[in-house]
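Beneath this line is the structure, given in structure tokens, with notes to follow.
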Amino acid sequence: MNFHAAGEYILKRLEKELPSNLYYHGMKHTLEVLRCSEEIAEAEGRNANDIILIKTAALYHDSGFLVCYRDNERLGCEIAAASLPSFDYTAAEIKNIESMIMSTALPQTPKDKLSEILCDADLDYLGTEAFYPISAEFRKELKEYGTEFTEKDWLKLELDFMQSHKYFTHTSQQKRNAMKNKHIQELKASYEKFD
């Protein structure tokens, strides 16, 4: 596996071709998921080969936005399947990467440890101080793509999502659950003001 070349290829494409109105699903998010996935994988004791697979999936997980806003996970798998053989990834490795990418579709459905790591990296921000600014970027992006919310409806959506979400890895549970629960309480308090 030539991770360096594969990463260079997809990052160049993302930089050049991603729509500028992807305020959340842009390069910044991809690079943050890359960083988080490596950090979680190392903390979870994964071997070097697993870490390369996870990092590759992180780089490709939102590449489907190059093609279309909807169904981006499946499209990201197609981009990975088309390009990774030229970077010496085997069919089995690509299948594993595709499985990880598909697991990030909401609601997240990881079927193995590597997918759990990618899912936790993808939504790491839910349990960080960056939750509110990132959430605002996502809301702005949704508006650009035709989905607008009243303040009350947005709070309800966020609250329901946060309450249904769970971190899968021990690392993310330990590092992120306390802050995520704090955000849930804040969202509840804000939402209750509308009643």
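Heads up: take any position in the sequence shown, counting from 1, add 3, and you land on my numbering.
C-beta atoms are modelled at their ideal positions from N, C-alpha and C, and glycine is treated no differently.
- request: Using 7 Å as the cut-off, classify the Cβ of PHE197 as near or not near the heavy atoms of the ligand HEM, replying yes or no.
  value: With respect to the ligand HEM, the structure shown offers nothing to examine, as it has no ligands at all.
Query - Cβ pair ILE104, GLY79 closer than 8 Å - result: yes
Notebook entry, point to check: Would you report the Cα separation of GLU161 and MET4, rounded to the nearest angstrom?
Noted result: 39 Å
**Study point:** At least three beta-carbon pairs within less than 8 Å, the region 138-150 to the region 15-28
**Key:** yes
Q.
Using a Cβ distance threshold of 8 Å, determine whether the region 117-129 contacts the region 160-180, with at least three qualifying pairs required.
A. They touch, by the three-pair rule.
Discussion item. Among the candidates SER66, LYS191, ASN24 and GLU18, whose CA atom is the shortest distance from the CA of ILE82?
Written reply: Distance check between ILE82 and each of SER66, LYS191, ASN24 and GLU18 places SER66 closest, using alpha-carbon atoms only.
Counting beta carbon pairs with one atom in the region 107-121 and one in the region 36-50, are three or more of them shorter than 8 Å? yes
Notebook entry, point to check: DSSP on ALA192, reduced to helix/strand/coil?
Noted result: helix
Self-check item: Boundaries (first-last residue) of the alpha helix (DSSP H) holding LEU121
Solution: 116-125
Looking at the unbroken alpha helix (DSSP H) that takes in LEU34, where does it start and where does it end? 30-46
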